[in-house]
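Asker:
Pasting the structure below:
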């Protein structure tokens with residue numbers, strides 16, 4: 066009488082490389098990547114996944130692997146999964162509701178990493194302040210994570226998949242490539258100076274280098290064609306993808322638009338925990354993991370529930386319901402940023418600048434408690450902190466806030482009236498894995514000493 | 066033995082105009098506005114305040130008052146309050162910790178308003194979509210608000226002051242005026258096209274028009290000089306000010322930098338409730354109200370706890386602790402936006418564009434449940450929804466999300482598999498107060514029919 | 066257009082005695098106490114109330130007022146209120162839904178008290194351990210309470226009315242008087258030894274002494290008759306009454322059975338805060354206060370929603386919905402008790418014995434942190450602690466638990482591995498108001514030194 | 066560099082019987098049951114366990130297995146585990162802090178059961194109302210459970226071990242056997258009538274029948290001696306044991322007194338979910354499962370933190386800290402009971418009677434929504450409902466409450482003003498597995514038709 070236990074539809078063997086898995090992985094979005102499995106609606110099934118780098122980052126004390134990571138190969142995704150109900154496969158125009166029944170690290174692989182990428186190789190939100198490749202390793206004790214590299218903090222994970230999305234149609238793929246190509250081509254002119262200084266890649270256009278297309282044989286004619294069209298998995302887009310919504314944990318439901326028959330959804334980039342914004346870029350506690358999922362097809366749901374926000378009916382975004390289980394924190398310390406940059410220059414209602422300043426404020430503040438600024442940058446990338454757009458209308462300043470649960474620290478981090486002058490109270494600064502920066506872009510001034 | 070009850074240091078008489086109050090109000094930031102009262106640390110005291118417009122918006126069925134509001138007169142603030150402890154007044158370089166012990170509407174004035182400003186008179190986050198002056202009135206039933214103009218929703222307020230800040234020093238004032246003047250002068254060139262179309266004021270520089278400086282007599286020589294220097298209260302800045310942090314409710318603590326002797330802090334712009342972003346600009350449920358506060362001085366706290374993020378030691382931001390009491394919602398529906406605008410154009414990691422799209426997505430979705438889009442725009446401005454920066458590093462797309470607690474609606478707003486085709490289910494569209502837009506800027510295209 | 070502000074239907078003048086109020090109070094339940102006001106369904110109205118003793122307990126440093134309080138006069142209730150809708154008054158068999166829109170202390174009277182009653186005058190849950198009249202005064206700072214008598218704790222109140230109930234019918238009154246009379250008469254034999262030792266009154270039968278019946282003139286013939294029938298307000302019963310449900314705060318809804326035309330509901334005994342069980346009897350933070358309420362009549366609701374649990378259709382209990390706003394605590398320390406009493410004797414699945422032991426365990430534990438046991442007894446009566454029936458089936462032991470939010474203390478109260486031996490760390494034992502016990506019942510042995 | 070993954074110290078093979086497991090189980094408490102493994106403090110380790118009946122209850126549609134279960138064999142526990150730190154094994158007088166890092170069902174065995182025991186074989190809290198053996202099967206979808214036998218409800222589990230405890234010393238064992246023997250012998254006289262009618266076993270004294278003592282060979286001389294002394298695992302006691310505290314989930318910490326060298330703690334009786342009280346006796350969702358634990362020894366902690374509440378230093382109880390992760394419910398419907406029993410008889414401040422009535426009230430209420438009363442009885446045993454002691458001092462009525470989160474139902478269960486007369490709205494009454502009651506004790510009157 067019992068329903069069978071969750072059916073394992075995508076197994077991962079961690080002793081094998083990403084490209085050696087029984088069911089081949091992929092690291093691009095393309096409508097023609099063949100599904101590796103079919104699931105029925107209502108059935109609970111299990112998908113396993115490698116970490117986003119496919120095992121390239123090691124549990125050791127060197128950040129070289131971070132510095133020299135080949136970003137053309139990420140993210141390794143499991144799937145695509147074709148979804149059917151009694152009326153056949155999901156069809157373009159439907160909505161695919163995916164419920165996350167359970168998820169977690171892969172048994173036997175209970176650890177993760179958070180990293181700052183080198184400014185010349187990916188960078189991060191604060192790459193102009195922190196240009197060096199840096200790494201922190203996290204170990205899990207059940208729901209808790211702790212790091213030998215960031216001592217004195219421990220927190221329960223709100224685990225979630227960074228990436229979940231459906232396959233785009235050729236038409237949608239074309240829209241992506243055109244609009245991102247346009248940015249790559251003309252973007253520099255249109256950027257503000259501060260953004261140029263960032264020097265991070267504007268977009269990541271299709272490239273055959275590093276391209277993995279599941280069952281499509283590498284080097285084949287078909288592969289060649291598809292690799293030149295297939296979208297990179299870095300940004301979130303209309304199909305979901307790299308949304309990095311930290312609350313998509315157990316019990317959440319994701320309503321994805323369907324663009325190809327079968328929906329062909331994929332998932333990957335599991336995060337043990339992440340802060341809003343995932344600021345250091347490789348910023349969550351990245352790990353391998355598993356998902357137990359259940360699907361439902363809402364026939365005709367795109368038209369019914371989504372409104373295109375652009376020139377074609379494809380300009381839509383998924384909808385999410387977040388689940389009822391999350392760590393309960395009662396006290397939060399909140400840092401604010403306004404849209405004035407570090408040089409003192411005024412920006413117009415720019416929430417990105419405001420959030421950058423909120424994060425910088427938080428980093429400086431917490432560094433007074435014995436941490437190096439890079440440790441805090443890593444911590445705020447992966448701990449359960451909340452990044453809010455508090456005010457977006459009061460010209461010229463957007464106000465963004467970053468709220469940090471105080472309970473994750475083993476010391477009281479609130480301002481105190483009768484404190485003695487603060488120098489770092491407890492030095493929390495062990496030998497954090499870090500490479501030098503060999504580039505020649507200037508580090509942002511008034512924080513130039515931050516990393517040291 | 067009992068401590069005296071909260072001492073009323075700023076009374077408001079609602080039958081009088083803002084400029085007729087016993088303790089004069091002010092609507093600018095300037096170091097030389099004289100304090101109206103002195104409080105001791107540790108003492109609980111009460112400040113009353115008018116609504117931000119000083120009673121200009123009426124509880125009626127016309128939006129004319131919104132359309133023609135004289136924005137040069139806002140925000141009416143109560144204060145400044147000078148703070149002393151046993152060692153004398155707060156000094157520049159100290160931190161002023163202000164705890165919000167209690168707050169609420171003024172007894173007998175239990176109502177509020179939310180408005181969209183006309184595109185030619187202030188506008189709002191979505192002014193290119195919703196250019197018409199519009200208004201919704203809210204009535205309070207204890208902790209709950211409901212509106213005859215947006216039927217079918219009711220929610221508990223997370224009441225907070227939109228503005229709380231210390232007086233700037235002359236040096237800080239000069240920084241503000243220079244950087245905002247620079248934006249006003251050169252901003253247009255540096256803006257992106259989409260921002261230009263917004264056509265909202267870039268900044269609001271000092272002006273004698275409408276200027277109210279507390280005890281400084283209007284028209285006097287001193288007033289003339291100060292009015293030409295005094296900063297407008299529209300944006301949040303280094304001194305706090307218009308932060309619009311919706312969680313600053315009962316039990317919160319605000320650590321404000323002190324720039325002048327006595328700290329001279331002011332507060333105003335009480336919100337019965339607000340959504341993150343306060344998107345329609347006059348977007349909270351705006352009301353008159355009272356605060357019960359308690360202060361503490363952290364001597365030397367600026368140096369100890371704040372790190373300047375700019376060329377001078379004055380480039381700091383306040384820190385906040387949020388209180389332990391807030392409405393407890395278990396289910397949230399989350400809308401996502403990416404940094405691609407409504408024309409389909411790609412922006413580079415722009416959280417403002419992403420949030421705009423998330424809000425537009427939510428408006429369109431909820432308008433399927435019997436509401437006009439303008440009703441939803443007003444609702445999302447003032448209900449307890451959360452605006453998050455979910456991903457800010459995955460070039461080229463920033464991902465922003467807007468989470469709405471489902472319990473505020475009297476219908477189930479979640480997507481359903483077996484729904485009948487949706488037309489507006491229940492028409493929730495009463496005679497909402499609204500003016501026509503007489504300007505000539507084009508309304509953003511693919512949402513042009515939104516208001517109807 | 067505005068709805069009128071909450072209509073004040075029961076004003077209280079704190080300068081007057083309970084029996085001098087404009088609208089007379091009452092301290093008994095009787096169907097014939099005339100209503101003092103009529104309200105319509107849907108209308109928000111305000112009721113004010115004295116504290117349950119009507120001002121007999123003073124804000125001073127003596128517990129004499131507690132020791133000698135005349136318990137025949139409590140609780141002073143405001144009302145009865147007659148409720149009507151468009152179909153006329155509520156009728157027997159209806160349900161009256163009362164929503165608590167708002168509530169709080171009376172302005173200008175922001176303080177409260179918690180007391181242990183003398184064993185010969187009311188006693189409390191632990192009267193065999195703590196026989197002395199004792200008192201703690203609490204002051205309010207907005208949502209927070211603190212006590213000079215129990216230093217080092219501060220917590221937000223979950224304010225609620227201890228008593229809310231409808232008037233009983235004569236038939237129901239008769240049932241009450243018979244069953245409680247039966248207990249008074251035959252109870253002692255049926256009690257267990259441990260209960261006898263308690264020596265608290267078994268029941269409080271009707272008495273003319275101290276009786277106050279609203280508009281019924283004291284000493285009149287009618288008064289005489291009614292006073293001899295009218296039920297005391299001490300226990301909760303079928304009509305609601307003294308439920309002491311600590312979560313009935315803002316936003317709660319109470320579904321009361323209607324036994325007489327008009328429902329005639331009354332309320333009183335406001336608590337700023339209370340722990341589950343209200344263990345010291347005068348155990349909440351008792352205060353005067355106000356309620357803003359809104360009523361609805363569910364016609365025929367008793368039959369529809371309530372099932373009699375006894376020989377007549379009147380043996381029902383109210384139903385409650387608790388509101389969405391309460392303090393958010395993340396960490397709780399939990400004490401357990403089993404149904405073995407302090408003498409080591411086994412009781413059979415007795416949740417009262419188990420809870421007593423859980424409370425005693427908590428008192429002893431917390432007294433290691435610098436408090437006297439009486440201070441902790443008072444604290445656990447009024448702080449927001451949760452008393453749970455964890456296991457009620459595992460013969461012979463019931464398991465009850467008492468969960469205490471750790472954040473209310475200014476020290477870390479959790480067990481620690483590397484603590485030095487504990488003596489009272491900080492002496493938290495000021496001159497707490499306390500009388501001697503002049504009775505001759507023995508104090509329970511192995512805790513005999515507890516109070517000192 | 067990585068810490069080894071959680072070390073599996075007690076494996077379970079579900080294909081084998083409880084007495085065939087590699088590391089033998091036990092179902093009694095006795096100081097001389099040899100430890101099956103040793104763990105070091107600080108090390109995360111994994112213990113697996115069978116369900117409390119060791120697989121005797123099947124996933125099928127018959128309740129015969131429940132009716133005829135041999136209760137002499139329960140509960141099957143895993144352990145004992147000996148705990149050591151660098152100073153050697155835990156010693157009597159220490160506290161053992163056990164942190165629950167993670168827990169869940171055993172992979173491949175994702176289902177559980179809830180049962181009512183026959184009145185002649187164990188019974189339950191309401192055995193006089195529901196004397197028939199009945200069973201509901203639950204299936205898990207990740208964090209959620211649903212039952213084909215109780216359709217229309219689904220809830221996230223707050224999974225916890227029902228039993229966790231240390232080995233008693235011989236002295237403590239003797240105390241247990243004497244006090245429970247005394248109850249068994251003299252209890253009937255001292256019971257109240259209503260309790261006698263319950264006719265459940267008063268206590269369960271040691272018996273060789275069904276006794277399993279781990280590595281001690283059954284039938285050996287040693288076994289014989291120990292079996293005659295060893296305490297049954299049914300009740301919670303000084304060593305922890307069957308506490309059934311539903312919130313002891315991920316992140317909780319349990320401070321257990323140590324009575325024998327090594328602490329020798331055992332655990333079992335995993336619950337996917339349980340309501341406070343576990344009212345139907347086999348009332349949680351019972352399942353097999355695993356725990357990931359971490360231990361710490363607090364040397365001398367018993368004296369430091371626990372106060373004996375009885376004639377010897379052994380009369381103590383464990384302390385608990387509950388974890389930060391639990392399902393977040395915003396709306397609760399609360400049922401109240403007072404200490405008047407179903408015959409209308411008044412009891413004196415009896416929380417057990419009050420809670421019984423609260424549960425009966427809830428059962429009757431929910432049975433109006435299409436369920437049979439037995440279905441609701443099962444549901445309230447296992448869903449995340451909270452049982453509170455609200456008032457324990459207002460003679461003669463104790464007030465107990467049962468709060469039910471409304472979100473677990475697929476219909477709105479709140480009272481409504483404009484409902485049509487209620488008959489069962491949706492019949493939720495499938496073929497629930499149920500046996501007849503063959504005993505001859507009368508079923509409690511005014512609910513006699515309840516089960517049908």
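Chains as they are written, first to last, in the working numbering: chain A, 66 to 517; chain B, 66 to 517; chain C, 66 to 517; chain D, 66 to 517. Every residue gets a Cβ at the ideal spot worked out from N, C-alpha and C, and that includes glycine.
Along chain A, in chain order, which residues have C-beta atoms closer than 9 Å to that of residue 394/C?
Answerer: 393 and 395, listed in chain order.
Asker: According to DSSP, is residue 89/B part of a helix, a strand, or is it coil?
Answerer: It is coil, neither helix nor strand.
Asker: Comparing the C-beta of residue 195/B with each C-beta of chain E, is any distance below 8 Å?
Answerer: Absence of chain E from the displayed structure is noted, the protein chains being A, B, C and D.
Asker: Does any C-beta atom of chain A lie closer than 8 Å to the C-beta of residue 472/C?
Answerer: Closer than 8 Å: yes.
Asker: Listed from N- to C-terminal order along the chain, which residues in the region 169 to 185 of chain B have their beta-carbon within a distance smaller than 8 Å of any beta-carbon of chain C?
Answerer: Answer in chain order: 172, 173, 174, 175 and 176.
Asker: Hey, out of 288/A, 330/A, 245/A and 327/A, whose CA is closest to residue 299/A's CA?
Answerer: Closest by alpha carbon: 245/A.
Asker: If we require 3 or more residues per run, which beta strand (DSSP E) segments fall completely within the region 322 to 383 of chain B?
Answerer: For the region 322 to 383 of chain B, whole beta strand (DSSP E) runs of length 3 or above, ordered along the chain, are 330 to 336, 346 to 351 and 354 to 363.
Asker: Please state whether the Cβ-Cβ distance between residue 403/A and residue 464/A is less than 8 Å.
Answerer: Contact: yes.
Asker: With a threshold of 16 other CB atoms inside 10 Å of the CB of residue 381/D, please say whether the residue is buried or exposed.
Answerer: Buried, by the Cβ-count rule.
Asker: For chain A, is any of its Cβ atoms less than 8 Å away from the one on residue 70/D?
Answerer: So yes, residue 70/D belongs to the interface.
Asker: Can you tell me whether residue 133/C is buried or exposed? The criterion is at least 16 other CB atoms within 10 Å of its CB, across all chains shown.
Answerer: When all chains shown are included, residue 133/C counts as exposed.
Asker: Run through DSSP, which three-state label would residue 429/B get?
Answerer: Helix.
Asker: Mind checking which residues open and close the alpha helix (DSSP H) that includes residue 447/B?
Answerer: 438 to 447 is the span of the alpha helix (DSSP H), which, as asked, contains residue 447/B.
Asker: Is residue 74/B close to chain C? Criterion is C-beta to C-beta, closer than 8 Å.
Answerer: Answer no: the Cβ-Cβ gap between residue 74/B and chain C never drops below 8 Å.
Asker: Nearest to residue 372/A by alpha carbon, out of 324/B, 432/B and 376/B?
Answerer: Ranking 324/B, 432/B and 376/B by Cα distance to residue 372/A puts 432/B first.
Asker: Please report the straight-line C-alpha distance between residue 160/A and residue 395/C, rounded to a whole angstrom.
Answerer: Approximately 37 Å, taken between the alpha carbons.
Asker: Please identify the residue among 145/D, 180/D and 111/D whose C-alpha is closest to the C-alpha of residue 233/D.
Answerer: For residue 233/D, the nearest C-alpha among the options comes from 145/D.
Asker: Here's a check: name, in chain order, each residue in its chain whose Cβ is nearer than 6 Å to the Cβ of residue 258/C, leaving out the five neighbours to either side.
Answerer: At residue 258/C the pLDDT is 49, less than 50, meaning the model places this residue with poor confidence and gives no usable figure here.
Asker: The alpha helix (DSSP H) with residue 292/C in it runs from where to where?
Answerer: Per DSSP, residue 292/C belongs to the alpha helix (DSSP H) from 286 to 294.
Asker: Measure from the C-beta of residue 167/B to each C-beta in chain C and report whether the shortest distance is under 8 Å.
Answerer: Judged by the 8 Å Cβ criterion, residue 167/B is in contact with chain C.
Asker: Go to residue 129/C, then tell me how far its alpha helix (DSSP H) extends in each direction, as first and last residue.
Answerer: 129 to 132 is the span of the alpha helix (DSSP H), which, as asked, contains residue 129/C.
Asker: For residue 499/D, return the contacting residues in chain A, with the cut-off set at a CB-CB distance below 9 Å.
Answerer: Simply none; closest approach about 16 Å.
Asker: Could you check whether residue 304/D and residue 366/D sit closer than 8 Å to each other, using their CB atoms as the reference points?
Answerer: Result no, Cβ atoms of residue 366/D and residue 304/D do not sit closer than 8 Å.
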